[in-house]
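One structure is given here, and the rest of the page talks about it.
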């Protein structure tokens, strides 16, 4: 259930990032100084609600990953899991909090506060996955490409903080979704019994 939820939310995130970057942005008539950019006000409400559902699906998946054996049982693993889950939850809240300010300028107080909430959620998620990436390597439960996916997710989410104020944000979100999609696939893959542990 956890993996399927993550795969569903992640795949939808990838698709939305691609569509927004390559189809919505080039054709929008909404000013880039408006909080709802690139979406018209009415559409923005629906988009935020749909994105909130994506985050909810991802949240369930991240919770399942954080509770799984792959991350290990250390205090760092528990802390990283808590941060990743909290960060995803904050992003969900930020989507819903965006709706009342859809017609306001980016520089207005409401959008500025919500933008900071998005930043906080992204940062918490990044730190959480960086910690989970390290603990996953140390635990040695996952082998091959799978063991690197949580760390790659943390690294890319960290880079996403820098992309937030650029026109490449939808592309960055799409890659973030791809990382989560790979994580979901990794969770669904059978685990090969091993006693190997990696020192990090």
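Residue numbers (the numbering used here): 957 to 1156.
For glycine and all other residues, C-beta sits at the position ideal for the given N, C-alpha and C.
Around the C-beta of residue 1063, fewer than 16 other C-beta atoms lie within 10 Å, and the residue is accordingly described as exposed.
In terms of CA proximity to residue 1087, 1037 leads the group 1037, 1025 and 1139. Under the DSSP assignment, residue 1090 falls in the alpha helix (DSSP H) whose first and last residues are 1065-1095.
The DSSP-derived three-state label of residue 1121 is coil.
Here the alpha carbon of residue 1083 sits roughly 15 Å from the alpha carbon of residue 1021. Sequence-distant Cβ neighbours of residue 1010 in its own chain, meaning closer than 6 Å and more than five residues away, are 965, 968 and 969. Using a Cβ distance threshold of 8 Å, residue 1095 and residue 1001 do not count as a contacting pair. In this structure, residue 961 keeps its C-beta atom at 8 Å or more from the C-beta atom of residue 1024. As DSSP reads the structure, residue 1061 sits in a beta bridge with 990. By alpha-carbon distance to residue 1128, the top candidate from 972, 1054 and 959 is 972.
Below 8 Å, enough C-beta pairs join the region 1127-1144 and the region 1096-1105 to call them touching: three or more. Taking 8 Å as the cut-off, the beta carbon of residue 1085 is found no closer than this to the beta carbon of residue 1047. Short of 6 Å from the beta carbon of residue 997, and not among the five residues preceding or following it, lie these beta carbons of its own chain, in chain order: 1058 and 1059.
Taking a C-beta distance under 8 Å as the contact criterion, residue 993 and residue 986 qualify as a contact pair. Here residue 1076 has 1046 as same chain residues with Cβ atoms under 7 Å from its own Cβ, once five neighbours each way along the sequence are excluded.
Boundaries of the alpha helix (DSSP H) harbouring residue 998: 997-1023, taken from the DSSP string. Here DSSP, grouped into helix, strand and coil, assigns residue 1099 to coil.
For the 8 Å CB-CB criterion, residue 995 and residue 1067 do not form a contact. Cβ atoms of residue 1039 and residue 1008 stay farther apart than 8 Å, at about 20 Å. For residue 1026, no alpha helix (DSSP H) encloses it, and the DSSP letter there is neither H nor E.
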